[in-house]
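Chemist:
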Amino acid sequence: MTLLLGAQQSLPWTTIIAILSLINTLFGHKVVPESKYQLFKLLQLDDKMICYHMFCKDCSLYIGAQNNSNSEDLTCPNCGIEDNSSNISFFLTLDMETQLKTILQDSQVQEALIDRFEGKNQKRDFHEIENITDGRIYKKLSIANNPLSENFNLTYTFNTDGCQASKSCKISTWPIYIIINELPPKLQTKHMIMCGLWIHEKEPNMQIFLKPFVDQGNKLSEKGFDWKLRDRMIVSKFIPICAVVDSVARCKLLNMKKFNGSYGCTFCEHPAETVEGYK
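Residues 1 to 279 (full-length UniProt numbering) make up the sequence shown, in order.
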């Protein structure tokens with residue numbers, strides 16, 4: 001809750017730590033960590049894994065990335081507001097490669113990938129649809145000389161959507177989640193990866209919110225990453241093949257009008273018609 005409050009109000013780490021210290025004082029003994037190092041150790045987070053992306057609340061200008069939420073020395077060059085950091089906010093990204101390597105060291109995950117790529121878990125009926133990996137597009141990508149023709153190249157599905165703590169809450173929370181398609185469904189949901197987090201009064205500007213995520217994705221899909229499978233080193237590429245979003249988020253991701261506006265369909269170019277007040 002303290003971390004959520006810090007993200008919602010753009011609090012610096014000194015204030016967050018002060019709140020944690022106050023909680024310990026109220027309880028009369030130490031119940032929560034009182035330093036950033038202790039907190040990250042408890043949550044099994046690497047300080048370098050989290051990046052703060054600063055932007056202007058008023059004009060949505062992207063200002064830059066840094067390793068803390070301190071905005072005291074930042075001003076928006078576009079708005080020209082001097083000595084006022086209250087118009088500077090931030091969103092978070094979490095390093096995809098670091099989380100991915102951690103997941104791939106899990107014994108259940110390694111066994112599942114060995115079964116898949118080394119032929120121990122062959123399907124009886126080739127035409128059965130059990131997972132996204134049984135789909136037409138995935139099979140096409142697996143043909144020789146295509147990205148998935150090499151063993152241990154992995155793919156992912158990503159999702160983002162807005163949610164609120166309550167109907168009266170004005171804060172909108174948009175996480176970016178991904179799942180590894182080559183894992184069995186139970187392991188997919190167990191080992192979801194959060195790559196980004198937007199907590200703000202306004203819905204995200206996808207032009208700035210998605211860019212760091214896209215940059216990470218391009219690096220992993222083009223250059224790949226190395227990880228250890230038992231006693232051997234593997235180099236894998238991590239490739240996005242699907243986005244699962246609702247009609248509202250889909251329009252935002254595609255940078256087009258809402259689904260109920262003129263030419264708002266994401267599948268055709270029909271202008272749409274109004275029927276009893278609805279598009």
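All residues carry an ideal CB built from backbone N, CA and C; glycine is no exception.
Is it right to say residue 282 is buried, meaning 16 or more other beta carbons lie within 10 angstroms of its own, or is it exposed?
Modeler: Residue 282 is absent from the model: the chain starts at 1 and stops at 279.
Chemist: Under 8 Å, with one C-beta from each stretch per pair, do the stretch 216–233 and the stretch 126–144 reach the 3-pair mark?
Modeler: These segments do not touch.
Chemist: Put SER60 into one of helix, strand or coil per three-state DSSP.
Modeler: Correct three-state label for SER60: coil.
Chemist: With C-beta atoms as the reference, is CYS155 less than 9 Å away from ILE180?
Modeler: Inspection of the sequence shows that residue 155 is occupied by Thr rather than by Cys. Their beta carbons are under 9 Å apart, which means THR155 touches ILE180 by this criterion.
Chemist: Could you tell me the alpha carbon to alpha carbon distance between PRO33 and GLY264, rounded to whole angstroms?
Modeler: For PRO33 and GLY264, the distance between alpha carbons rounds to 49 Å.
Chemist: Does DSSP classify GLY6 as helix, strand or coil?
Modeler: Here GLY6 sits in helix by DSSP.
Chemist: With DSSP as the reference, please indicate the residues paired to ASP161 in a beta bridge.
Modeler: Bridge partners of ASP161: none, in fact.
Chemist: Of all the beta strand (DSSP E) runs that stay within the bounds of the stretch 143–226, which reach a length of 3 or more residues?
Modeler: The qualifying runs are 154–160, 172–180, 193–200.
Chemist: Can we say the stretch 93–106 touches the stretch 191–208, given the rule of at least three CB pairs closer than 8 Å?
Modeler: Counting Cβ pairs under 8 Å, three or more are found: they touch.
Chemist: For LYS257 and CYS251, I'd like the C-alpha separation in whole angstroms.
Modeler: Those two C-alpha atoms are separated by around 6 Å.
Chemist: Does DSSP put THR75 in a helix, a strand or coil?
Modeler: Note: THR75 maps to coil in three-state DSSP.
Chemist: Please confirm if the stretch 227–244 is in contact with the stretch 141–161, defined as three or more CB-CB distances below 8 Å between the two stretches.
Modeler: The stretch 227–244, when compared against the stretch 141–161, does touch it at the 8 Å Cβ threshold.
Chemist: If I follow the unbroken alpha helix (DSSP H) through residue 287, where does it start and stop?
Modeler: Here the chain comprises residues numbered 1 to 279, so residue 287 is not present and cannot be evaluated.
Chemist: Quick check on DSSP: helix, strand or coil for MET49?
Modeler: Helix, per DSSP.
Chemist: Do the stretch 47–67 and the stretch 201–214 touch if we need at least three Cβ pairs shorter than 8 Å?
Modeler: With a cut-off of 8 Å, the stretch 201–214 and the stretch 47–67 count as touching, because enough Cβ pairs lie within range.
Chemist: Looking at the unbroken alpha helix (DSSP H) that takes in PHE27, where does it start and where does it end?
Modeler: Segment 13–27, the alpha helix (DSSP H) holding PHE27.
Chemist: Which same chain residues, not among the five before or five after GLU203, have their C-beta less than 8 Å away from its C-beta?
Modeler: If we look at GLU203 and ignore the five residues flanking it on each side, its Cβ neighbours are GLY162, SER172, TRP174, LYS252.
Chemist: Tell me whether the beta-carbon of LYS219 lies closer than 9 Å to the beta-carbon of PRO147.
Modeler: Taking 9 Å as the Cβ cut-off, LYS219 and PRO147 do not qualify as a contacting pair.
Chemist: Enumerate in chain order the residues of its own chain whose CB-to-CB distance from ILE50 is below 7 Å, with the five nearest sequence positions on each side excluded.
Modeler: Excluding sequence neighbours, ILE50 sits near LEU92, LEU94.
Chemist: Judging by CA-CA distance, which residue of SER21, MET54, THR25 is the nearest neighbour of GLN38?
Modeler: With distances taken between Cα atoms, GLN38 lies closest to SER21.
Chemist: For a test of the three-state rule: what should DSSP assign to CYS242, helix, strand or coil?
Modeler: Looking at CYS242 - three-state DSSP - the assignment turns out to be strand.
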